[in-house]
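Visitor:
Protein chains: 2
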Amino acid sequence: MADKKPLILVTNDDGITAPGIRTLIAVMKEIGDVIVVAPDSPQSAMGHAITINNTLYCDPIEIEKNASHSEYSCSGTPVDCVKMATRQILNKKPDLCVSGINHGSNSAINVIYSGTMSAAVEAGIEGIPAIGFSLLDYSMTANFEPSKKYVKAIVENVLTNGLPKGVVLNVNIPNLKSVDIKGIKVCRQANAHWKEEFDKRQNPMGRDYYWLSGKFINEDKGEDTDEWALQHGFVSVVPTQFDLTAHHYIQELNNWNLND
Amino acid sequence: MADKKPLILVTNDDGITAPGIRTLIAVMKEIGDVIVVAPDSPQSAMGHAITINNTLYCDPIEIEKNASHSEYSCSGTPVDCVKMATRQILNKKPDLCVSGINHGSNSAINVIYSGTMSAAVEAGIEGIPAIGFSLLDYSMTANFEPSKKYVKAIVENVLTNGLPKGVVLNVNIPNLKSVDIKGIKVCRQANAHWKEEFDKRQNPMGRDYYWLSGKFINEDKGEDTDEWALQHGFVSVVPTQFDLTAHHYIQELNNWNLND
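Here the protein sequences line up with chains A and B, keeping their order.
Under this note's numbering, the first residue of the first sequence carries the number 16, and numbering increases by one thereafter.
Under this note's numbering, the first residue of the second sequence carries the number 16, and numbering increases by one thereafter.
1. So, at 6 Å on beta carbons, what are the nonlocal neighbours of residue 206 of chain B in its own chain, with the 5 sequence-adjacent residues on each side left out?
2. Residue 89 of chain A lies in the beta strand (DSSP E); which residues open and close that run?
3. How about residue 186 of chain B and residue 147 of chain B: do their beta carbons lie closer than 8 Å?
4. Rounded to the nearest angstrom, what separates residue 90 of chain B and residue 171 of chain B at their Cα positions?
5. Out of B/269, B/37 and B/163, state which residue places its alpha-carbon closest to the alpha-carbon of residue 50 of chain B.
6. Strictly below 9 Å CB to CB, what residues from chain A border residue 112 of chain B?
7. According to the neighbour-count rule (16 or more other Cβ atoms, all chains shown, within 10 Å of its Cβ), is residue 220 of chain B buried or exposed?
8. Report the residues of the region 58-84 of chain A with a CB closer than 7 Å to any CB of chain B, ordered along the chain.
9. List, in order along the chain, the chain A residues whose C-beta lies closer than 9 Å to that of residue 198 of chain B?
10. Can you check whether the C-beta of residue 258 of chain B is within less than 8 Å of a C-beta belonging to chain A?
11. For the beta strand (DSSP E) containing residue 164 of chain B, list its first residue and its last residue.
12. I think residue 53 of chain A touches residue 26 of chain A, with their Cβ atoms under 8 Å apart; what is that distance to the nearest whole Å?
13. Using the rule of at least 16 other Cβ atoms within 10 Å of the residue's Cβ for burial, across every protein chain shown, is residue 74 of chain B buried or exposed?
14. For residue 72 of chain B, does the three-state DSSP call read helix, strand or coil?
15. For residue 13 of chain A, count the other beta carbons within 10 Å of its own beta carbon; 16 or more makes it buried, fewer makes it exposed. Which is it?
16. To the nearest angstrom, how far is it from the Cα of residue 105 of chain B to the Cα of residue 59 of chain A?
17. Measure from the C-beta of residue 133 of chain B to each C-beta in chain A and report whether the shortest distance is under 8 Å.
18. Could you check whether the Cβ of residue 156 of chain B sits closer than 8 Å to any Cβ belonging to chain A?
19. Kindly list, in the order they appear in chain A, the residues whose Cβ is closer than 9 Å to that of residue 99 of chain B.
20. With DSSP run on the structure shown, which of helix, strand or coil describes residue 153 of chain B?
21. Is it the case that the Cβ atoms of residue 95 of chain A and residue 71 of chain A are separated by a distance below 8 Å?
22. From the beta carbon of residue 95 of chain A, is the nearest beta carbon of chain B less than 8 Å away?
23. Measure the C-alpha to C-alpha separation of residue 31 of chain A and residue 162 of chain A and round it to an integer number of angstroms.
24. Output the boundary residues of the beta strand (DSSP E) element that contains residue 198 of chain A.
25. Which residues does DSSP list as the beta-bridge partners of residue 217 of chain A?
26. Identify whether residue 66 of chain A lies in helix, strand or coil by the three-state DSSP scheme.
27. Hey, is residue 7 of chain A's beta-carbon within less than 8 Å of any beta-carbon in chain B?
28. Measure from the C-beta of residue 26 of chain B to each C-beta in chain A and report whether the shortest distance is under 8 Å.
29. Taking residue 23 of chain A and residue 208 of chain B to be in contact with their CB atoms under 8 Å, please state how far apart those CB atoms are, rounded to whole angstroms.
30. For the 8 Å Cβ check, are there 3 or more pairs between the region 192-205 of chain A and the region 153-169 of chain A?
31. Determine the contact status of residue 151 of chain A and residue 189 of chain A, defining contact as a CB-CB distance below 8 Å.
32. Go ahead and pull the three-state DSSP assignment for residue 206 of chain B.
33. Determine, for residue 203 of chain A, whether the minimum Cβ-Cβ distance to residues of chain D falls below 8 Å.
34. Look at the alpha carbon of residue 154 of chain B and the alpha carbon of residue 39 of chain B, and state the distance between them as a whole number of angstroms.
35. Report yes or no: is there a C-beta of chain A within less than 8 Å of the C-beta of residue 261 of chain B?
36. Consult DSSP for residue 27 of chain B and reduce its assignment to one of helix, strand or coil.
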């Protein structure tokens with residue numbers, strides 16, 4: 016008897032008990048066989064960090080009573096979780112990796128700081144079709160209900176169409192009621208950055224320390240950007256790559272006097 | 016009296032006392048005014064991680080007796096160091112940010128895991144011309160002497176020609192004697208990945224834990240890649256970008272049935 020259900024690896028960066036990943040697991044169980052390998056604690060803003068100077072723990076865990084799928088809790092980063100899943104826990108490559116649903120935006124330049132997206136990128140590097148999902152609400156009480164329909168539509172499209180080597184999807188969902196979401200829009204990453212402010216304080220021993228905080232600055236008015244789509248009520252889908260070569264600049268660099 | 020010397024921010028991911036950054040500081044002092052903000056401990060493989068759930072320390076430190084430049088030791092990641100330098104310590108944007116010289120390769124896909132390159136990318140996001148330098152020798156006793164000439168040549172070219180918005184340079188230097196280095200070659204990032212192996216052990220309490228290790232797999236035979244250049248005795252220079260959009264795939268994605 017052939018089992019045609021796809022094997023779906025689920026991870027995130029907010030930690031294995033976060034409401035966002037619980038929603039993602041529920042939707043994925045309607046589509047395929049699910050395995051969860053996710054961090055045991057919040058790993059937001061970990062980017063593509065991996066654990067090479069420390070040990071990793073990774074243990075089976077039961078979070079939903081009598082669940083029909085397996086879950087593993089890992090002491091490492093989101094990227095560690097993907098490596099652990101594909102190389103240690105599973106005997107085969109999953110058909111899909113989904114990461115999230117993140118509590119908070121990973122649009123524009125946030126893609127580069129995001130543990131959620133780095134997990135998807137890591138799966139992509141290993142040749143697994145992958146999608147990162149994020150909802151524009153940082154709170155733990157965020158309402159993930161309106162996201163479900165869009166998560167399902169995008170996953171089904173990826174399973175039907177596949178993704179080319181070297182491309183994963185970055186999906187952001189506006190924090191709106193279902194009736195107010197206008198649909199899905201394919202976008203490019205907006206040109207934006209963070210303007211940091213350091214909050215300087217003193218510890219009880221009198222030593223200065225800092226908290227990193229900042230303001231998001233969008234410098235890109237383009238109507239083809241993820242920021243524009245999200246501000247106008249659309250779910251944004253940005254095809255994202257990990258060949259970081261600025262191919263357009265190679266020709267110019269070859270005109271420099273590097274070997275004189 | 017106008018001071019025409021460029022202000023150069025130096026950072027790394029191996030930590031502020033590593034031989035690689037000491038070499039980079041020495042070469043930069045021949046070219047400009049130097050400020051060092053670097054991690055107080057090794058931060059290899061931290062990718063683009065930033066510290067948002069913890070406090071940061073950043074204090075002046077004297078490593079070279081009676082040095083003519085300032086140094087700051089920071090408890091955070093390489094990306095934190097760049098943010099701390101530009102937003103807290105300096106009153107102006109530096110003219111250049113250099114990161115390294117890393118002990119070990121950051122060629123091919125390593126660019127994405129690398130704290131060294133993430134520091135350069137962060138400077139690029141903030142609009143500062145930036146270069147990451149790496150030597151293909153992981154040891155703390157690596158010989159950085161042959162690197163000096165190439166570091167200087169590339170920095171002088173960047174100061175002369177500038178770099179366009181959104182592009183930083185990823186420079187890797189083969190671990191060879193000066194006479195055996197063939198020159199500098201502009202390249203693209205090779206398509207490669209790591210095949211991880213987890214070394215499973217038991218802690219004294221009987222709980223399983225893992226060490227992440229792996230083998231580097233280069234799937235790319237292209238003679239225009241950084242891997243080819245390094246294997247053939249060249250210093251590789253890859254222009255590197257942080258717009259991760261897979262622009263070539265947007266048109267195809269628009270043909271999907273995302274809104275049906």
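Even for Gly, the Cβ is constructed at its ideal location relative to N, Cα and C.
Guide: On the basis of the supplied data:
1. Counting from one through the second sequence, the residue named residue 206 of chain B turns up at place 191. Hits under 6 Å: 234 and 235.
2. Counting from 1 along the first sequence, the entry for residue 89 of chain A is found at position 74. For residue 89 of chain A, the uninterrupted beta strand (DSSP E) run begins and ends at 85-89, by DSSP.
3. If you number the second sequence from 1, residue 186 of chain B lands on position 171. If you number the second sequence from 1, residue 147 of chain B lands on position 132. Yes; because the gap between Cβ atoms is below 8 Å, this pair is in contact.
4. Here residue 90 of chain B is taken as the residue at index 75 of the second sequence, counted from 1. Here residue 171 of chain B is taken as the residue at index 156 of the second sequence, counted from 1. Roughly 31 Å between the two C-alpha positions.
5. Residue numbering aside, residue 50 of chain B sits at position 35 when the second sequence is read from its first letter. Here the closest residue by C-alpha is B/37.
6. Residue 112 of chain B sits at position 97 when you count from the first residue of the second sequence. Per Cβ cutoff of 9 Å: no residues; residue 112 of chain B is ~15 Å from chain A at best.
7. Against the second sequence, residue 220 of chain B aligns to sequence position 205. Exposed.
8. Flagged, chain order: 59, 60, 61, 62, 63, 64, 65, 66, 67, 68, 70, 71, 72 and 73.
9. Numbered from 1 along the second sequence, position 183 holds the residue referred to as residue 198 of chain B. Residues of chain A whose Cβ lies closer than 9 Å to the Cβ of residue 198 of chain B are, in chain order, 273 and 274.
10. The residue labelled residue 258 of chain B in the question sits at position 243 within the second sequence. Cβ-Cβ to chain A under 8 Å: yes for residue 258 of chain B.
11. As a working mapping, residue 164 of chain B is identified with position 149 in the second sequence. First-last for residue 164 of chain B: 162-176, but that is the alpha helix (DSSP H), not the beta strand (DSSP E).
12. The residue labelled residue 53 of chain A in the question sits at position 38 within the first sequence. The residue labelled residue 26 of chain A in the question sits at position 11 within the first sequence. 5 Å between Cβ atoms; contact.
13. For the purposes of this step, residue 74 of chain B is taken as the residue at position 59 of the second sequence. Around the beta carbon of residue 74 of chain B, a 10 Å sphere encloses fewer than 16 other beta carbons of the protein chains shown; the residue is thus reported as exposed.
14. Counting from 1 along the second sequence, the entry for residue 72 of chain B is found at position 57. The answer is coil: DSSP assigns residue 72 of chain B none of H, G, I, E or B.
15. Any property of residue 13 of chain A remains undetermined from this structure, which presents chain A solely from 16 to 275.
16. Here residue 105 of chain B corresponds to residue number 90 of the second sequence, with the count starting at 1. Here residue 59 of chain A corresponds to residue number 44 of the first sequence, with the count starting at 1. Each residue's Cα considered, the two are about 28 Å apart.
17. Reading the second sequence from its first residue, position 118 is the one you call residue 133 of chain B. Taking Cβ atoms only, chain A reaches closer than 8 Å to residue 133 of chain B, which makes this a yes.
18. In the second sequence, counting from the first residue as 1, residue 156 of chain B sits at position 141. Judged by the 8 Å Cβ criterion, residue 156 of chain B is not in contact with chain A.
19. Position 84 of the second sequence, counted from the first residue, corresponds to residue 99 of chain B. Counting only Cβ-Cβ distances below 9 Å, residue 99 of chain B has contacts in chain A at 211, 213, 225 and 227, in chain order.
20. Here residue 153 of chain B corresponds to residue number 138 of the second sequence, with the count starting at 1. Residue 153 of chain B sits in coil when the DSSP states are folded into three classes, being neither helix nor strand.
21. Residue numbering aside, residue 95 of chain A sits at position 80 when the first sequence is read from its first letter. Residue numbering aside, residue 71 of chain A sits at position 56 when the first sequence is read from its first letter. For residue 95 of chain A and residue 71 of chain A, yes; Cβs fall inside 8 Å.
22. Here the question's residue 95 of chain A lines up with position 80 in the first sequence. Chain B contact via Cβ: present.
23. Within the first sequence, residue 31 of chain A is the residue found at index 16, counting from 1. Within the first sequence, residue 162 of chain A is the residue found at index 147, counting from 1. Cα to Cα, residue 31 of chain A sits roughly 19 Å from residue 162 of chain A.
24. Within the first sequence, the letter at position 183 stands for residue 198 of chain A. Residue 198 of chain A -> beta strand (DSSP E) spans 198-201.
25. What you label residue 217 of chain A is simply residue 202 of the first sequence in a count that begins at 1. According to DSSP, residue 217 of chain A bridges with A/223.
26. Sequence index remark: in the first sequence, residue 66 of chain A carries index 51 (1-based). The three-state secondary structure of residue 66 of chain A, taken from DSSP, is coil.
27. Outside the shown range of chain A (16 to 275) lies residue 7 of chain A, about which nothing can therefore be said.
28. Translated into positions along the second sequence, residue 26 of chain B becomes position 11. Contact with chain A is absent for residue 26 of chain B, since none of that chain's Cβ atoms lies less than 8 Å from the residue's Cβ.
29. The residue given as residue 23 of chain A occupies position 8 in the first sequence. The residue given as residue 208 of chain B occupies position 193 in the second sequence. No, residue 23 of chain A and residue 208 of chain B are not in contact; Cβ-Cβ is about 21 Å, not under 8 Å.
30. Inter-segment contact for the region 192-205 of chain A and the region 153-169 of chain A is present: three or more beta-carbon pairs are separated by less than 8 Å.
31. Locating residue 151 of chain A in the first sequence gives position 136, where the first residue counts as 1. Locating residue 189 of chain A in the first sequence gives position 174, where the first residue counts as 1. Yes, the pair counts as a contact, with Cβ atoms nearer than the cut-off.
32. Counting from 1 along the second sequence, the entry for residue 206 of chain B is found at position 191. Annotated three-state conformation of residue 206 of chain B is coil, per DSSP.
33. Note that chain D does not occur in the displayed structure, where the protein chains are A and B.
34. Stepping through the second sequence from its first residue, residue 154 of chain B is reached at position 139. Stepping through the second sequence from its first residue, residue 39 of chain B is reached at position 24. Residue 154 of chain B and residue 39 of chain B: Cα-Cα distance of roughly 16 Å.
35. Position 246 of the second sequence holds residue 261 of chain B. Yes, its Cβ sits closer than 8 Å to a Cβ of chain A.
36. Mapped onto the second sequence, residue 27 of chain B falls at position 12. Taken through DSSP and simplified to helix, strand or coil, residue 27 of chain B comes out as coil.
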